[in-house]
Amino acid sequence: MQTHKYDTVIVGAGGAGMRAALESSKRSRTAVLTKLYPTRSHTGAAQGGMCAALANVEEDNWEWHTFDTVKGGDYLTDQDAAEIMCKEAIDAVLDLEKMGLPFSRTPEGRIDQRRFGGHTRDHGKAAVRRSCYAADRTGHMILQTLFQNCVKQNVEFYNEFYVLDLLLAEDEAGNKSTSGVVAYELATGEIHVFQAKSVIFATGGFGKVFKTTSNAHTLTGDGMGIAWRRGLPLEDMEFYQFHPTGLAGLGILLTEGARGEGGILRNADGERFMERYAPTIKDLAPRDIVARSMVLEVLEGRGAGPNKDYVYLDLTHLPAEQIEEKLPDITEFARTYLGVEPTTELVPVYPTAHYAMGGIPTNVEAEVLSDNTTVVPGLYAAGEVACVSVHGSNRLGTNSLLDINVFGRRAGIAAAEYATTHDFVELPEAPETTVVELIERLRDSSGTERVGAIRAEMQETMDANAGVYRTEETLKQALADIKGLQKRYLDVSIQDKGKRYNTDLLEAIELGFLLDLAEVLVVGAQNRKESRGGHAREDFQARDDENYMKHTMAYREVDAKGEHSIRLGYKPVVVTRYQPMERKY
Amino acid sequence: MTAVVEETAPGTGHGSTAAERDHTPIVITLRIRRFNPETDAEPYWQDFKVEADPTERILTAMMKIKAEQDGSLTFRRSCAHGICGSDAMRINGRNRLACKTLVKDLDMAKPITVEAIKGLKLEKDLVVDMDPFMQAYKDVMPFLITSGNEPTRERLQSPEDRERFDDTTKCILCAACTTSCPVFWSDGQYFGPAAIVNAHRFIFDSRDEGAEERLEILNEKEGVWRCRTTFNCTEACPRGIEVTKAIQEVKRALIFRRV
Chain A
7 MQTHKYDTVI
17 VGAGGAGMRA
27 ALESSKRSRT
37 AVLTKLYPTR
47 SHTGAAQGGM
57 CAALANVEED
67 NWEWHTFDTV
77 KGGDYLTDQD
87 AAEIMCKEAI
97 DAVLDLEKMG
107 LPFSRTPEGR
117 IDQRRFGGHT
127 RDHGKAAVRR
137 SCYAADRTGH
147 MILQTLFQNC
157 VKQNVEFYNE
167 FYVLDLLLAE
177 DEAGNKSTSG
187 VVAYELATGE
197 IHVFQAKSVI
207 FATGGFGKVF
217 KTTSNAHTLT
227 GDGMGIAWRR
237 GLPLEDMEFY
247 QFHPTGLAGL
257 GILLTEGARG
267 EGGILRNADG
277 ERFMERYAPT
287 IKDLAPRDIV
297 ARSMVLEVLE
307 GRGAGPNKDY
317 VYLDLTHLPA
327 EQIEEKLPDI
337 TEFARTYLGV
347 EPTTELVPVY
357 PTAHYAMGGI
367 PTNVEAEVLS
377 DNTTVVPGLY
387 AAGEVACVSV
397 HGSNRLGTNS
407 LLDINVFGRR
417 AGIAAAEYAT
427 THDFVELPEA
437 PETTVVELIE
447 RLRDSSGTER
457 VGAIRAEMQE
467 TMDANAGVYR
477 TEETLKQALA
487 DIKGLQKRYL
497 DVSIQDKGKR
507 YNTDLLEAIE
517 LGFLLDLAEV
527 LVVGAQNRKE
537 SRGGHAREDF
547 QARDDENYMK
557 HTMAYREVDA
567 KGEHSIRLGY
577 KPVVVTRYQP
587 MERKY
Chain B
4 MTAVVEETAP
14 GTGHGSTAAE
24 RDHTPIVITL
34 RIRRFNPETD
44 AEPYWQDFKV
54 EADPTERILT
64 AMMKIKAEQD
74 GSLTFRRSCA
84 HGICGSDAMR
94 INGRNRLACK
104 TLVKDLDMAK
114 PITVEAIKGL
124 KLEKDLVVDM
134 DPFMQAYKDV
144 MPFLITSGNE
154 PTRERLQSPE
164 DRERFDDTTK
174 CILCAACTTS
184 CPVFWSDGQY
194 FGPAAIVNAH
204 RFIFDSRDEG
214 AEERLEILNE
224 KEGVWRCRTT
234 FNCTEACPRG
244 IEVTKAIQEV
254 KRALIFRRV
């Protein structure tokens, strides 16, 4: 075992982690721990852009952006947080440009902007060009630019280090404070304890609870799972976004920017069905609405293909040069993976699990909360792992790239300031114990269950029972399935017993986190007897502001016998400027 | 491009496709070069038979083997659609991403060989030590270098100036190019194509003022002049970057001292 000491430790090297590192490493001794290499993070898969009211191509302002974000989130968005994000968006984009990000340009040489779902002029009057983009590789460019600047600034990375535990000290009154993290080094199998004054979690989402997903294989919710097991709450986990345009059957993401450039969704009859569901902004309605509309088209028999189980994205009316210039990557995905030529053929698409609106609760300073208001000193979270909540019950397209830059930066500054004004908290005795036990149990197990089988069954039931539409019955089924799988997981064994690059072991650990989080998602969904944003109940189709305009807070409870259960509480929504209205587009 | 069965969607003016392709599973053989540093003195080949849909990715077949047959099979993967750069491998003798190579695009009747990329130290199965590769990247100063006061708003850049380095911004640092280069195989000190691509990305960026410095670095003994224009790198690039052309542009900039 090795022990390291840093002022600030950042877990995760995607957009949020590296944006935080650029700030914290200027102010405090910082280490970034990532289970991949920094440029492998899934920020790189984001395509369409990052919204900011630069008003480079038409009139716009941050207040309109704030309104869209609040309405897009179906009024579960904390309005103070959304306002901060939309105000700081402008500098966040300009900062990236100054760092070297190669944005697509207007003829005058300014950052170009395009339309995106749910982003409108003057409170919903028409779609507005707000998304700053670099072709359909905006996330790739952000990830590369942030990494390039980390290289420039000599940021210290620990690559392929899996953080598996968070060290929290607790005083007699039960107040927690942060003392570090425990990591597993993939190359050697060695355990490393990192003592730190402040810790930032920037570990991304948990899309791998679903089978059809745009998420990377590595998005297994480790950060949320670690916090959960350490007794910290998770907020709004039932709100999971399904992106409308995944390549049918595969889930690979095709950017909403395709519709921003003029692409149209059609059913098997060739009808532009979004005209019926969102008469004003049609195909550029927010993702929850478009995804539900697509599913309804299929359920009502208007799906396309041999099994009538998808719809079409139509780009064929757009000039081929525009497609090649503005949407080169997704064009290639359609060609490579479906053998479809988007300039002349319709592309089969269907919703794909994409983004967790919920996560570790934080305030606008990115400080982690242990209940509705209490800050855990020294602990921060930013990006998809966190729930600020700027996305409410449904995130608008591009707002995640914005979120990671705005709140990544805020987390980096706040964590470093905390580290420079506080002392180290003493490490617990044998801080590695939990991780060592976790690893040894899996390595020594002679059980008969296999990781791959349990993972596949979890993903099947989540797709079938906790997807775009949910009912009491399907959620009950999902919960029963997950509980059964959690039991079987106790009997899981691995074949690779070695120390070097043991990915067999890590996949088993990751599956444990996924099973925990799937349960929280389903329990939250079962409890929320209304439909709002990304959570659509067939048996409770209306939004119920009276009973449910509040955040879900899930807590992990352990009884005397060591059995765990989930306790649900609520947290009020912060309302400043906008009173809830019916959500029409 | 793959042929697709077309059907016409009524009500639209265009021909449409259902992408109806043959999904009948077949059994393929993956011949994988294995190496476990804890038990093996030398790498060896092992055959796995696995059922695969012809339209499936090689990565999917490998994950199936790992899940169902041998959990110790070790390889890096993340996004699974060609943008994270984790799974560059030598498949049937050519460097490619396992997640961008479909079964049907290879000869399915014969064993498909899968081995680690060459020229970097083999760590385990398909995993190599990426550190020397990343070091070469860092050595060319892959970041925007500017002087003077920053403007309040964005720096202006015409679409034409932006287009000059567009191709080299696509790099995902997968190392498929560098580890396909015969010069790199024989001389691990050579910067390699990926580092030069990333230098190109900044040398030809109108906002950047570090071109001179970078060109000096690439003018050194292990710099661009080691390139023998084999074009392996261009063929290997999963992002379709014209790597050899970018290297030629850097060479020309060095000769004429003008970017």
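So the protein sequences, as listed, match chains A and B.
Following my numbering, the numbering of the first sequence begins with 7 at its first residue and continues without gaps.
Following my numbering, the numbering of the second sequence begins with 4 at its first residue and continues without gaps.
Note that the Cβ used here is the ideal one computed from N, Cα and C, for glycine as well.
Just so we're clear, the structure is a prediction, and the values are computed from it rather than from any experiment.
Exercise for the section: Quick one: give me the first and last residue of the alpha helix (DSSP H) that G145 of chain A is part of. Expected result: Counting along the chain, the alpha helix (DSSP H) containing G145 of chain A begins and ends at T144 to K158.
Practice task
Taking K493 of chain A as the reference, give the member of A:E563, A:V457 and A:P239 with the closest Cα.
Solution key: Comparing Cα-Cα distances from K493 of chain A to each of A:E563, A:V457 and A:P239, the minimum goes to A:V457.
Practice task
On a CA-only basis, which of B:G122, B:L159 and B:K103 is nearest W188 of chain B? Give me that one, please.
Solution key: Across the set B:G122, B:L159 and B:K103, the C-alpha of B:G122 shows the shortest separation from the C-alpha of W188 of chain B.
Problem - 8 Å Cβ cutoff met for E262 of chain A and Q328 of chain A - result: 8 Å or more divides the Cβ of E262 of chain A from the Cβ of Q328 of chain A.
Exercise for the section: Identify, in the order they occur along the chain, each residue of the same chain with its Cβ nearer than 6 Å to the Cβ of W48 of chain B, setting aside the five sequence neighbours on each side. Expected result: Around W48 of chain B, the same chain offers R34 and R36 as residues with beta carbons nearer than 6 Å, after the five sequence neighbours per side are excluded.
Handout entry: Of the residues B:A249, B:V130 and B:V200, the one placed nearest F78 of chain B, counting alpha carbons only
Key = In terms of Cα proximity to F78 of chain B, the closest of B:A249, B:V130 and B:V200 is B:V130.
Practice task
With a cut-off of 8 Å on the beta carbons, I'd call I295 of chain A and Y283 of chain A a contact; round off their distance for me.
Solution key: 6 Å between Cβ atoms; contact.
Handout entry: Inter-residue Cα distance where the pair is L233 of chain B and A222 of chain A
Key = It is worth fixing the name first, because residue 233 of chain B is Thr in this sequence and not Leu. Whole-angstrom Cα-Cα distance: 34 Å.
Problem - C-alpha distance - W70 of chain A paired with H198 of chain A, whole-angstrom precision - result: Between the alpha carbons of W70 of chain A and H198 of chain A lies a distance of about 47 Å.
Exercise for the section: Can you pull the chain A residues whose beta carbon is under 7 Å from the beta carbon of R80 of chain B, in chain order? Expected result: Within 7 Å Cβ-Cβ: H223.
Problem - Limits of the unbroken alpha helix (DSSP H) element including K387 of chain A - result: The amino acid occupying residue 387 of chain A in the given sequence is Ala; Lys does not appear at that position. Unbroken run through A387 of chain A is the beta strand (DSSP E), V381 to A387; no alpha helix (DSSP H).
Handout entry: C-alpha gap between G384 of chain A and E435 of chain A, whole angstroms
Key = Those two C-alpha atoms are separated by around 20 Å.
Exercise for the section: Assign T171 of chain B to one of three DSSP states: helix, strand, or coil. Expected result: In this structure, T171 of chain B counts as helix in the three-state DSSP scheme.
Problem - D545 of chain A classed as buried or exposed, judged by whether at least 16 other C-beta atoms fall within 10 angstroms - result: In this structure D545 of chain A is exposed. Its beta-carbon is surrounded by fewer than 16 other beta-carbon atoms within 10 angstroms.
Handout entry: Strand pairing of S571 of chain A, partner residues [DSSP]
Key = Answer by DSSP bridge pairing, in chain order: A:E563.
Problem - Interface partners of V157 of chain A on chain B, CB under 7 Å - result: Around V157 of chain A, the beta-carbon contacts reaching into chain B at under 7 Å are K141, P145 and F146.
Problem - Length of the line joining the Cα atoms of H17 of chain B and A141 of chain A - result: Low confidence applies to H17 of chain B: its pLDDT is 42, below 50, so where it sits in the model is not reliable enough to give any reading.
Practice task
Return helix, strand or coil for P619 of chain A, following the three-state DSSP convention.
Solution key: Since the displayed chain A opens at 7 and closes at 591, residue 619 of chain A lies outside it and no answer follows.
Practice task
Say whether chain A places a C-beta atom closer than 8 Å to the C-beta of T5 of chain B.
Solution key: Annotation note: pLDDT 38 at T5 of chain B (below 50); position unreliable, no value reported.
Exercise for the section: Kindly examine the ligand HEM and report whether one of its heavy atoms sits closer than 7 Å to the Cβ of P57 of chain B. Expected result: Among the components modelled here there is no ligand, and therefore nothing to report on the ligand HEM.
Handout entry: Inter-residue spacing [alpha-carbon to alpha-carbon] between I117 of chain A and R165 of chain B
Key = If you take the alpha carbons of I117 of chain A and R165 of chain B, they lie about 11 Å apart.
Practice task
Starting from C240 of chain B, find everything on chain A with Cβ-Cβ shorter than 9 Å and list it in chain order.
Solution key: Contacts between C240 of chain B and chain A, judged by CB atoms closer than 9 Å, are missing: the closest CB pair is about 13 Å apart.
Problem - Same chain only: Cβ atoms within 7 Å of A88 of chain A, ignoring 5 sequence neighbours per side - result: Non-local beta-carbon contacts of A88 of chain A in its own chain, meaning distances under 7 Å to residues more than five positions away in sequence, involve T72, T75, V76 and V396 in chain order.
Practice task
Check whether the Cβ atoms of L62 of chain B and C102 of chain B lie closer than 8 Å to each other.
Solution key: Yes, they are a contact pair.
Practice task
Kindly indicate if chain A contains any beta-carbon less than 8 Å away from that of T172 of chain B.
Solution key: Chain A, which has a Cβ nearer than 8 Å to the Cβ of T172 of chain B, makes this yes.
Handout entry: Completely contained beta strand (DSSP E) runs for the region 197-263 of chain A, where each covers 3 or more residues
Key = Complete beta strand (DSSP E) runs here, min 3: 197-207 and 246-253.
Problem - Top-ranked residue by Cα proximity to G54 of chain A, from A:R272, A:G473, A:M147 and A:R538 - result: When each option's Cα is compared against that of G54 of chain A, the closest is A:M147.
Problem - Limits of the alpha helix (DSSP H) - the one that M91 of chain A falls within - result: For M91 of chain A, the enclosing alpha helix (DSSP H) stretches over residues Q85 to M105.
Exercise for the section: Thinking V253 of chain B and I199 of chain B are a contact (beta carbons under 8 Å), I'd like their distance in whole angstroms, please. Expected result: Right, their Cβ atoms sit about 6 Å apart.
Exercise for the section: Out of A:A417, A:L324, A:Q201 and A:G180, state which residue places its alpha-carbon closest to the alpha-carbon of G23 of chain A. Expected result: Closest in alpha carbon position to G23 of chain A, among A:A417, A:L324, A:Q201 and A:G180, is A:A417.
Problem - Residue span of the beta strand (DSSP E) that contains L174 of chain A, given as start and end - result: Run containing L174 of chain A: F167 to E176, per the beta strand (DSSP E) assignment.
Practice task
With DSSP as the reference, label G14 of chain B as helix, strand or coil.
Solution key: Bear in mind that the predicted position of G14 of chain B carries a pLDDT of just 37, short of 50, making it unreliable; the figure below should be weighed with that in mind. In this structure, G14 of chain B counts as coil in the three-state DSSP scheme.
Handout entry: Other residues of its chain near P13 of chain B: CB distance less than 6 Å, five sequence neighbours each side excluded
Key = Any answer about P13 of chain B is weak, because its pLDDT of 39 lies below 50 and its placement is not dependable; what the coordinates show is given next. Closer than 6 Å at Cβ, skipping near neighbours: no residue.
Practice task
Flag this pair as yes or no: are the beta carbons of L408 of chain A and A95 of chain A separated by less than 8 Å?
Solution key: Yes.
Problem - Segment contact flag, the region 235-252 of chain B with the region 195-209 of chain B, C-beta cutoff 8 Å, min 3 pairs - result: Cβ pair count under 8 Å is three or more, so yes.
Exercise for the section: Just the chain A side, please: which residues come within less than 8 Å of I35 of chain B by C-beta, in chain order? Expected result: Near I35 of chain B there are no residues of chain A at all, since even the closest Cβ is about 15 Å away, more than 8 Å.
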